[in-house]
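Protein chains in written order, with this note's numbering: chain S, 1 to 344; chain W, 345 to 688.
2 protein chains.
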Amino acid sequence: MNNATLKDLAALAGVSPATASRVLSGHPATSARARQAVEAAVRELDFVPNAQARALRSTRSDTIGLLVSDIRNPFFADLAHTIEQAALNLGYVTLLGNANENTQQHDRYINALISRQVDGIIVAPQGDSSDAIKSLTSRSIPTVFVDRIIPGVDVPSVTTDSDAGIRQAVSHLVGLGHDRIGYIAGPQTVSTGRDRLSSFTAALAANGLTVDPDLIFYGNFQAASGSAAVHALLSVPHPPTALFAADSLMAVGALAVVHRLGLQIGVDIAIVTFDDIEWFALLDPPLSVVSHSVEDMGRIAVELLVDVMNGGRPKSVCQTSELIIRGSSAHAILPRTAELRGSN
Amino acid sequence: MNNATLKDLAALAGVSPATASRVLSGHPATSARARQAVEAAVRELDFVPNAQARALRSTRSDTIGLLVSDIRNPFFADLAHTIEQAALNLGYVTLLGNANENTQQHDRYINALISRQVDGIIVAPQGDSSDAIKSLTSRSIPTVFVDRIIPGVDVPSVTTDSDAGIRQAVSHLVGLGHDRIGYIAGPQTVSTGRDRLSSFTAALAANGLTVDPDLIFYGNFQAASGSAAVHALLSVPHPPTALFAADSLMAVGALAVVHRLGLQIGVDIAIVTFDDIEWFALLDPPLSVVSHSVEDMGRIAVELLVDVMNGGRPKSVCQTSELIIRGSSAHAILPRTAELRGSN
DNA sequence: TATGGTTATGGAAACGATTCCATGGAATCG
DNA sequence: CGATTCCATGGAATCGTTTCCATAACCATA
Numbered sequence: 001m002n003n004a005t006l007k008d009l010a011a012l013a014g015v016s017p018a019t020a021s022r023v024l025s026g027h028p029a030t031s032a033r034a035r036q037a038v039e040a041a042v043r044e045l046d047f048v049p050n051a052q053a054r055a056l057r058s059t060r061s062d063t064i065g066l067l068v069s070d071i072r073n074p075f076f077a078d079l080a081h082t083i084e085q086a087a088l089n090l091g092y093v094t095l096l097g098n099a100n101e102n103t104q105q106h107d108r109y110i111n112a113l114i115s116r117q118v119d120g121i122i123v124a125p126q127g128d129s130s131d132a133i134k135s136l137t138s139r140s141i142p143t144v145f146v147d148r149i150i151p152g153v154d155v156p157s158v159t160t161d162s163d164a165g166i167r168q169a170v171s172h173l174v175g176l177g178h179d180r181i182g183y184i185a186g187p188q189t190v191s192t193g194r195d196r197l198s199s200f201t202a203a204l205a206a207n208g209l210t211v212d213p214d215l216i217f218y219g220n221f222q223a224a225s226g227s228a229a230v231h232a233l234l235s236v237p238h239p240p241t242a243l244f245a246a247d248s249l250m251a252v253g254a255l256a257v258v259h260r261l262g263l264q265i266g267v268d269i270a271i272v273t274f275d276d277i278e279w280f281a282l283l284d285p286p287l288s289v290v291s292h293s294v295e296d297m298g299r300i301a302v303e304l305l306v307d308v309m310n311g312g313r314p315k316s317v318c319q320t321s322e323l324i325i326r327g328s329s330a331h332a333i334l335p336r337t338a339e340l341r342g343s344n
Numbered sequence: 345m346n347n348a349t350l351k352d353l354a355a356l357a358g359v360s361p362a363t364a365s366r367v368l369s370g371h372p373a374t375s376a377r378a379r380q381a382v383e384a385a386v387r388e389l390d391f392v393p394n395a396q397a398r399a400l401r402s403t404r405s406d407t408i409g410l411l412v413s414d415i416r417n418p419f420f421a422d423l424a425h426t427i428e429q430a431a432l433n434l435g436y437v438t439l440l441g442n443a444n445e446n447t448q449q450h451d452r453y454i455n456a457l458i459s460r461q462v463d464g465i466i467v468a469p470q471g472d473s474s475d476a477i478k479s480l481t482s483r484s485i486p487t488v489f490v491d492r493i494i495p496g497v498d499v500p501s502v503t504t505d506s507d508a509g510i511r512q513a514v515s516h517l518v519g520l521g522h523d524r525i526g527y528i529a530g531p532q533t534v535s536t537g538r539d540r541l542s543s544f545t546a547a548l549a550a551n552g553l554t555v556d557p558d559l560i561f562y563g564n565f566q567a568a569s570g571s572a573a574v575h576a577l578l579s580v581p582h583p584p585t586a587l588f589a590a591d592s593l594m595a596v597g598a599l600a601v602v603h604r605l606g607l608q609i610g611v612d613i614a615i616v617t618f619d620d621i622e623w624f625a626l627l628d629p630p631l632s633v634v635s636h637s638v639e640d641m642g643r644i645a646v647e648l649l650v651d652v653m654n655g656g657r658p659k660s661v662c663q664t665s666e667l668i669i670r671g672s673s674a675h676a677i678l679p680r681t682a683e684l685r686g687s688n
């Protein structure tokens, strides 16, 4: 780390450190002569200012923190990507942390981000553990929730309203003749898990169906629980003819099992999932999904955070969702389904 | 940011800032009384030390930088995950940057990481543009290459030797009767793109086959180029009966087109790809892959970096790769293939 | 009791930038 | 031509830690 310092730079340029600093930060009160001399010295020394020292003195770090639940979930990978791009365009570097669905790690990262004096933090909060989050708000560090929220914590958020998309999906399935739809739920300790389930039950009611507890399986947003769900749901007395998964990873797990059982997706059983992952359109048949724009969500999260950092108190944003129909739910229900199911 | 400072903490504990600092950093020369008083004050104030000031004074930040090529590529998402976990276990926070396959952004992130005084940096270098990288080495910032390298830049690296796995794959395909294997190559400006192609041509020779330029398509490691590759490769005079993709995203693009053409994977056409992505095992049929351990790669990258940061000059590590046979290449070549192909 | 060696402590100087404040020179105006 | 304004500049304080150095207190030994 044999970095040249501002003092070295100033000495080489023949000006004071104060003047050199002004040139670097674009302060208006600088002469053309000073600017040229400093810029030449910057090139000569390959000078990169020490962000620590700058942050220490100016109490801003031009850095935001981003804490996602699981970077290996394509939804969060996409989200991280869009947030990072949007932040970069505004001159912010993003420190990305991965809670890895682990509350302890979640807290550790929040403390790490606090101690690194991030100017703000965007977080997809983990469960309902608000302890570390409280530490953020009590320090009045600008915070924004993305995708998920913690009830009772007053922080601006950008989330998805699952009602519209899930209602469309249920209506669509009912229109195809499905009156028994299996639901693979997310964890009820997470706001998105709860919201999507209540959207689903509301949509059933709106279509004149009642909720059958046998047809609801509680998973944990991970692939393995999607697999378990299919086994469980297809072995009840009157098995469902369609499945709805509350997130992409559980859908993947479900798909694997459905394949293994020899059921033909879209014919023997209809499948729809929340989260539009690029790969889903490439499957055979392509998967029908309830889509919400991850690009918009990332962009808005950054906008909200910038607003908060500027002292604003922006309203939370709730995006809409919509159904995209593809091959996995393209056909009306067939008599063959019940027959096949009997053999399993 | 109404953070309590070390001075406040010391005042509350009734000691000097120096003593408080010693307690916090576990310095041996502290009395039990001082320790207790300081620890009580820490709890009372919810004190989190300012990492900027600490880094400024002690010239270490307990932070490493990680720059990946594309966070949306599942391989790099997994890699980021393992590196982050390994680093966290050693007490380092990881600043994750995403070059987004963009040289300019790559350079910008490297400068951002330099100015934040990371203790070291792990990078999957972008192409052969070594300018920003030179800036790293000239400052003697500990650096490690992961997955990819830049020829001629003397930096420890952890990479995969593609020879073994690709040779197994080619032998396997030849054993099934394939003598025309289409190769979807990565960009030849990236070391992995070059290495895998030369492994492939060597494996052909080892199996008594010659290289047909018609059967090599040059892609860019992105899905769209995999799709283009299938169109191109299947329209040559003597089309291949098997395809090998040099990375997972191109394989995904290829799969989509193959499906759309109505070809049955594993029967009409065999497909093998580099990179073992979890999702590939869930496809129907599951995909044969050349696998290399992303967990080991991440772990070793961190080990190498720690070694360099401690002043060592570790040797580069080259991992082996191996073929995993699944349904997409399970059957011997069938006469039907040529017939079907003719109709397209 | 004097001496030496620990040990815990506080004072103060860094680290490398930003920024307030004072200054001197040039430019403008009456 | 003198007074006022404006602009570029440098000196010095500052941000919140760590760490060197000196000191004081203490115990044990001669």
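No residue lacks a Cβ here, since even glycine has one placed at the ideal position from N, Cα and C.
Please read these numbers as outputs of a predicted model, since none were measured by experiment.
Below 8 Å on the Cβ atoms is my contact criterion, and I expect residue i with residue j to pass it. Report the Cβ-Cβ distance as a whole number of Å.
i, j, result
"L434/W", "L410/W", "Contact doesn't hold; Cβ gap of about 14 Å is too wide."
"D275/S", "V289/S", "7 Å"
"Y109/S", "D62/S", "Wrong, their Cβ atoms sit about 19 Å apart, outside the cutoff."
"S543/W", "I494/W", "That belief does not hold up - the Cβ atoms of S543/W and I494/W are roughly 19 Å apart, past 8 Å."
"S691/W", "L626/W", "There is simply no residue 691/W to check, as chain W begins at 345 and stops at 688 in what is shown."
"L9/S", "A18/S", "Not a contact, Cβ separation roughly 12 Å."
What does residue i reach in chain S if we use C-beta pairs closer than 8 Å?
i, result
"A399/W", "Q52"
"I615/W", "Per Cβ cutoff of 8 Å: no residues; I615/W is ~13 Å from chain S at best."
"N455/W", "V48"
Which residue or residues does DSSP assign as beta-bridge partners of residue i?
i, result
"G606/W", "According to DSSP, G606/W bridges with nothing at all."
"V93/S", "T63/S"
"Y218/S", "A185/S"
"I133/S", "In DSSP, I133/S forms no bridge with anything."
"S191/S", "According to DSSP, which records beta bridges pairwise, S191/S is partnered with nothing at all."
"T487/W", "I465/W"
"I668/W", "V633/W"
"T349/W", "Per DSSP, none; premise fails for T349/W."
"Q663/W", "T504/W"
"I615/W", "L587/W"
How is the beta strand (DSSP E) around residue i delimited, first residue to last?
i, result
"T504/W", "S501 to T504"
"A332/S", "Per DSSP, A332/S belongs to no beta strand (DSSP E) and is neither H nor E."
"G496/W", "Careful: G496/W lies outside any beta strand (DSSP E) and carries neither H nor E."
"E303/S", "Segment V294 to M309 is the alpha helix (DSSP H) holding E303/S; no beta strand (DSSP E) there."
"L243/S", "A242 to A245"
"T210/S", "Note, T210/S: premise wrong, no beta strand (DSSP E); not H, not E."
Could you give the first and the last residue of the continuous alpha helix (DSSP H) run that contains residue i?
i, result
"N725/W", "The shown model of chain W, from 345 to 688, leaves out residue 725/W, and the question about it has no answer."
"V382/W", "A376 to L389"
"F52/S", "The sequence as given places Gln at residue 52/S; Phe does not occur at that position. Per DSSP, Q52/S belongs to the alpha helix (DSSP H) from A51 to S58."
"S227/S", "A223 to L233"
"T19/S", "P17 to L24"
Applying a beta-carbon distance threshold of less than 7 Å, which residues of chain S neighbour residue i?
i, result
"H603/W", "D284"
"S479/W", "D46"
"I458/W", "V48"
"A600/W", "L282"
"L596/W", "Residue identity differs from the one stated: residue 596/W is Val in this sequence, not Leu. Near V596/W (Cβ distances below 7 Å), the residues of chain S are W279 and L282."
So which residues on chain S does residue i lean against when the C-beta distance must stay under 9 Å?
i, result
"R416/W", "P74, A77, D78, A80, H81 and E278"
"I325/W", "The question about residue 325/W has no answer here: the residues shown for chain W are numbered 345 through 688."
Starting from residue i, find everything on chain W with Cβ-Cβ shorter than 8 Å and list it in chain order.
i, result
"Q117/S", "M345, N394, A395 and Q396"
"A332/S", "Within chain W, no residue comes near A332/S; the closest Cβ sits about 23 Å away, beyond 8 Å."
Mind pulling the chain W residues with CB within less than 7 Å of residue i?
i, result
"N98/S", "H425 and E428"
"L95/S", "L439"
Next on the checklist: Quick check: the segment 41-50 of chain S against the segment 248-266 of chain S, are at least 3 beta-carbon pairs closer than 8 Å?
Outcome noted: The segment 248-266 of chain S vs the segment 41-50 of chain S: no contact.
Checklist entry - At a cut of 8 Å, does the segment 119-126 of chain S reach the segment 134-145 of chain S through at least three beta carbon pairs? => result Contact between the segment 119-126 of chain S and the segment 134-145 of chain S is established, with three or more Cβ pairs separated by less than 8 Å.
Checklist entry - Is the number of C-beta pairs between the segment 100-109 of chain S and the segment 313-325 of chain S that are closer than 8 Å three or more? => result By the Cβ criterion, the segment 100-109 of chain S is not in contact with the segment 313-325 of chain S, since fewer than three pairs of Cβ atoms, one from each stretch, lie closer than 8 Å.
Item to check | Sufficient close CB pairs (3 or more, under 8 Å) joining the segment 549-558 of chain W to the segment 611-618 of chain W | outcome: Output reads no: the segment 611-618 of chain W does not touch the segment 549-558 of chain W.
Checklist entry - Can we say the segment 636-653 of chain W touches the segment 414-433 of chain W, given the rule of at least three CB pairs closer than 8 Å? => result With three or more CB-CB distances shorter than 8 Å, the segment 636-653 of chain W counts as touching the segment 414-433 of chain W.
Checklist entry - With a cut-off of 8 Å, do at least 3 Cβ pairs link the segment 215-223 of chain S to the segment 369-378 of chain W? => result As far as the Cβ criterion goes, the segment 215-223 of chain S does not touch the segment 369-378 of chain W, which means the pair count is below three.
Item to check | the segment 515-533 of chain W / the segment 572-591 of chain W touching (three or more Cβ pairs under 8 Å) | outcome: Using a C-beta cut-off of 8 Å, the segment 515-533 of chain W makes contact with the segment 572-591 of chain W, since at least three inter-stretch Cβ pairs fall below that distance.
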